[in-house]
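In the working numbering, the protein residues as written are 47 to 249.
C-beta: ideal position from N, C-alpha, C; glycine also.
Before any comments, here is the structure.
This is the structure:
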């Protein structure tokens, strides 16, 4: 078979397996810096970083999986905000799943505002006593503090909260789930805390 001028050595990223729980510990690599023979990438740390990103479904050769990258950015935004708002683990998982499955392009508001409203909706509807609805008086003090620090007005909060509530209740969520095993990058990088007896540099 003859290769055409626009052929590429790498298979296209169509449906990469992003649902894996394998982590290649390139950040802990402390061995020799470069390979002794011709190799690409020449630096070992760069090589193992590429393997990890390839394994995660982020890259294939020079091609980037932008859909998955966007998902991860949204997931990390919701996770960070959930931690700031001191949400319970079950609430955190629900908020991340809901936020990453919303079609943000049709929301008409910044992702940070939508993420905050998703967190508020998740906590308020959980029935654990924290009042986070825009009409609640008084509202949860921590949510109020974070909302004000984020520059979200009461009017904007009420408007976006209503949109979020409508979409989640109506089931208007995307079906794509890139992380059905619920793996978390923070947990992957903190592997020593869960396996203190393991040898370092586990490549």
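Let's test the definition: count the other Cβ atoms within 10 Å of the Cβ of residue 201 and tell me whether it reaches 16, buried, or not, exposed. Mapped onto the chain shown, residue 201 falls at position 155. Exposed.
Whole angstroms is fine: what's the gap from residue 114's alpha carbon to residue 104's? Position 68 of the chain shown, counted from the start, is the residue given in the question as residue 114. Position 58 of the chain shown, counted from the start, is the residue given in the question as residue 104. Using only the alpha carbons, I get a separation of about 7 Å.
Helix, strand or coil, according to DSSP, for residue 121 in the structure here? Position 75 of the chain shown, counted from the start, is the residue given in the question as residue 121. In this structure, residue 121 counts as helix in the three-state DSSP scheme.
Drop a sphere of 10 angstroms on the beta-carbon of residue 112, count the other beta-carbons inside from all chains shown, and report buried for 16 or more, exposed for fewer. As a position in the chain shown, residue 112 is number 66, starting the count at 1. That one is exposed.
Go through the region 84-171 residue by residue and report every complete run of the alpha helix (DSSP H) that reaches 4 residues or more, in order. 90-102, 112-130, 135-147 and 157-170
Determine the burial state of residue 180: buried for a count of at least 16 other Cβ atoms within 10 Å of its Cβ, exposed for fewer. As a first step, residue 180 is located in the chain shown; it is residue number 134 there, counting from the start. With 16 or more other Cβ atoms within 10 Å, it is buried.
Among 158, 164 and 149, which one has its Cα closest to the Cα of residue 139? Taking the first residue of the chain shown as 1, we reach residue 139 at position 93. Closest by C-alpha distance to residue 139, out of 158, 164 and 149, is 164.
Taking the C-alpha atoms as reference points, what is the distance between residue 173 and residue 130? For the purposes of this step, residue 173 is taken as residue 127 along the chain shown, with counting starting at 1. For the purposes of this step, residue 130 is taken as residue 84 along the chain shown, with counting starting at 1. Cα to Cα, residue 173 sits roughly 20 Å from residue 130.
Could you give the distance in angstroms between the alpha-carbon of residue 168 and the alpha-carbon of residue 72? Locating residue 168 in the chain shown gives position 122, where the first residue counts as 1. Locating residue 72 in the chain shown gives position 26, where the first residue counts as 1. Rounded to the nearest angstrom, the two C-alpha atoms are 36 Å apart.
Exposed or buried, which one is residue 187 when buried takes at least 16 other CB atoms within 10 Å? If you number the chain shown from 1, residue 187 lands on position 141. Result: exposed.
Tell me whether residue 76 sits in a helix, a strand or coil according to DSSP, three-state version. By 1-based counting over the chain shown, the position of residue 76 is 30. Reduced to three states, the DSSP call for residue 76 is coil.
Mark residue 109 as exposed unless 16 or more other C-beta atoms lie within 10 angstroms of its C-beta, in which case mark it buried. Taking the chain shown and counting its residues from 1, one reaches residue 109 at position 63. With fewer than 16 other Cβ atoms within 10 Å, it is exposed.
What are the start and end residues of the alpha helix (DSSP H) that includes residue 208? For this step, residue 208 is matched to residue 162 along the chain shown. Per DSSP, residue 208 belongs to the alpha helix (DSSP H) from 200-215.
Take residue 80 and list the residues in its own chain whose beta-carbon comes closer than 8 Å to its own, dropping the five residues that flank it on each side. As a position in the chain shown, residue 80 is number 34, starting the count at 1. Closer than 8 Å at Cβ, skipping near neighbours: 88, 89 and 90.
Integer Cβ distance of residue 136 from residue 162, believed to fall under 8 Å: Taking the first residue of the chain shown as 1, we reach residue 136 at position 90. Taking the first residue of the chain shown as 1, we reach residue 162 at position 116. Not quite, the Cβ-Cβ distance comes to about 19 Å (not below 8 Å), so this is no contact.
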